[in-house]
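1029 is the number of the first residue of the sequence shown in this note's numbering; add one for each residue after it.
Here a beta-carbon is modelled for each residue, glycine too, at the ideal position from N, C-alpha and C.
Note that the structure is a prediction, hence the values are computed from the model and not measured.
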Amino acid sequence: MMQKQQIELEIVETDRALEELNKTKHSDSIYKAAGPLLVKTEKDSVEKELSEKKELANTRVMVLGKQESRVKENLKEVENKINEMIKGASSNQQQQQ
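See below:
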């Protein structure tokens, strides 16, 4: 769940970067972080890279959401089985008394 939140935050940051990039002119200089350096790059390549990053992050969020749902379902099943066992044990004790 925490991983999902981190990816959602990454999507928001990517959206902000794309918004700022859309405000720039094609002739403006664009710099991309490469470790501790800033490297001059093409606007089109940065837009493409950010769009792909966002698409991948959206896919990861969807997969994590499905996994979360499955885990919750399995947890409910286990909880129901435990409750049935407790009820069964309680009724056996009452019958023995």
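query: Best match in Lys-1104, Glu-1047, Met-1090, Gln-1123 for proximity to Met-1029 [C-alpha to C-alpha]; result: Met-1090
query: Residue(s) in a DSSP beta bridge with Val-1067; result: Lys-1060
query: Rounded Cβ spacing between Arg-1088 and Ile-1035 (contact assumed at less than 8 Å); result: 5 Å
query: Option nearest Asp-1072 by Cα separation, candidates Gln-1031, Ser-1055, Ala-1117; result: Ser-1055
query: Three-state secondary structure assigned by DSSP to Met-1029; result: coil
query: Cβ contact (3+ pairs, closer than 8 Å) linking the stretch 1072–1082 and the stretch 1044–1063; result: yes
query: DSSP-derived helix/strand/coil call for Thr-1042; result: helix
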